[in-house]
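S.K.:
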Amino acid sequence: MGALLSRLYYYREKKVIILGLDNSGKSTILSQLLKYPKKRTIREPYMPPTLGFNMQKTTFKNRKYSLWDLSGNNNIRKYWKCYFTGCNGVIFVVDTADIDRIDENLSILGELVSDEELKQAAIFSFFAQV
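FYI, in the numbering used here the residues of the sequence shown are 211 to 340.
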């Protein structure tokens, strides 16, 4: 019985949300993840800022994923929590070139790590130089 339940869990679609401040490179990372294992480009063409969210589905090693790119706009961040339910993973993107906002990034990352709804989710920090 346990093997059957774990097998059902294994094949269930995994929900991953991509978070970070505005202009940190979240949409570019989503684009690169969707291209894997195809050839990735070094520099993507200009991507306009995400308004609200962008959700894409993909399959990797026989697992299905729904990838949610959420806007990092200050007015939208208060709604991030609405997407935490059922989340299996978080990719938190930090633009390392934006030195003025490092403290803000650390504060948000601390909130994510301590959030009760994300206790079971894997949280990855992705440091990008945009």
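Just so you know, even glycine gets a beta-carbon here, dropped at the ideal spot from N, CA and C.
For the alpha helix (DSSP H) holding Lys245, just list the boundary residues, first then last.
M.R.: Lys236 to Lys245
S.K.: Which whole-angstrom value is the C-beta distance of Phe336 and Phe302, which I expect to be below 8 angstroms?
M.R.: Their Cβ separation, rounded to whole angstroms, is 7 angstroms, which keeps Phe336 and Phe302 in contact under 8 angstroms.
S.K.: Contact defined as beta carbons within less than 8 angstroms: I believe Asn227 pairs with Tyr293. What is the distance between those atoms, to the nearest angstrom?
M.R.: Checking the sequence shown, residue 227 turns out to be Ile, not Asn. So it is a contact: roughly 5 angstroms between Cβ atoms.
S.K.: Taking Leu261 as the reference, give the member of Phe270, Trp278 and Lys245 with the closest Cα.
M.R.: Trp278
S.K.: Would you decide whether Ala331 is buried or exposed? Buried here means 16 or more other CB atoms lie within 10 Å of its CB.
M.R.: Its Cβ being crowded by 16 or more others within 10 Å, Ala331 is buried.
S.K.: Where does Asn272 land, buried or exposed, given buried means 16+ other C-beta within 10 angstroms?
M.R.: exposed
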